[in-house]
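Take any residue in the sequence shown, note its place counting from 1, add 698, and you have its number in the working numbering.
Here is the structure we will look at.
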Amino acid sequence: MTRNRLLPLVVGVALLAAATLVSAHHSEIAEFDPAKPVKVSGTLKNVEWQNPHVWFYVEVKEPDGSLTTWGFSTAPPGALLRRGVTKANFKLGEVVLVEGARARDGSTNASTRSVTFADGRNVLTPTEGGR
């Protein structure tokens, strides 16, 4: 009898824990700091067009000649598609200008507010500036 009473409690706690994890995962403010804006211009090197978020990587030539790779998180593919943005928009080797908010951990990762492509097209992403 005690086992039957505990089962709903255990299931409830498990669901609450899962909801908390999902909420934490989608907390843009927890991972990126809007008070630390970044503006990066470089060569598009890779695009990971997959859920839960599209990531793309830009290689930046530093003043000393070294190369730094920045990773940019943006919205899920479906949200970008609804704005008319497809993977084909991200042409590897193209120079892009990306604005976003730097990762709180100080790494060279950032959220994406906007992407300006070489032909002048500008895309505001749903993660930040394009809400």
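Glycine residues also receive a C-beta, built at the ideal position from the N, C-alpha and C atoms.
(Q) Comparing C-alpha positions only, which one of V813, F788 and S771 sits nearest to P750? (A) S771
**Q.** Classification of R811 by the beta-carbon crowding that lies within 10 angstroms, buried from 16 upward
**A.** buried
**Q.** Among F754, W747, N744 and A728, the one whose alpha carbon lies nearest that of E797
**A.** F754
Q) On the three-state DSSP scale, how would you describe L790? A) coil
Q. Name the DSSP bridge partner or partners of F730?
A. A801
Q) Run through DSSP, which three-state label would P775 get? A) helix
Q: Using the DSSP secondary-structure output, state which residues sit across from E760 in a beta bridge.
A: Note: E760 sits in no beta bridge, so no partner.
Q: Output the distance between the C-alpha atoms of G740 and V756, rounded to the nearest integer angstrom.
A: 6 Å
Q) Taking Cβ to Cβ, would you say V821 is nearer than 9 Å to L790? A) no
Q: Return the Cβ separation of R800 and A808 in integer angstroms, given the expectation that the two are a contact with Cβ distance under 8 Å.
A: Right, the Cβ-Cβ distance comes to about 5 Å (below 8 Å), so this counts as a contact.
Q. With 16 other CB atoms within 10 Å as the buried threshold, where does E773 fall?
A. The question names Glu, yet the displayed sequence has Ala at residue 773. Under this definition A773 is a buried residue.
Q: Between the Cα of L795 and those of G763, P735, F788 and T814, spot the shortest distance and give me the residue it belongs to.
A: T814
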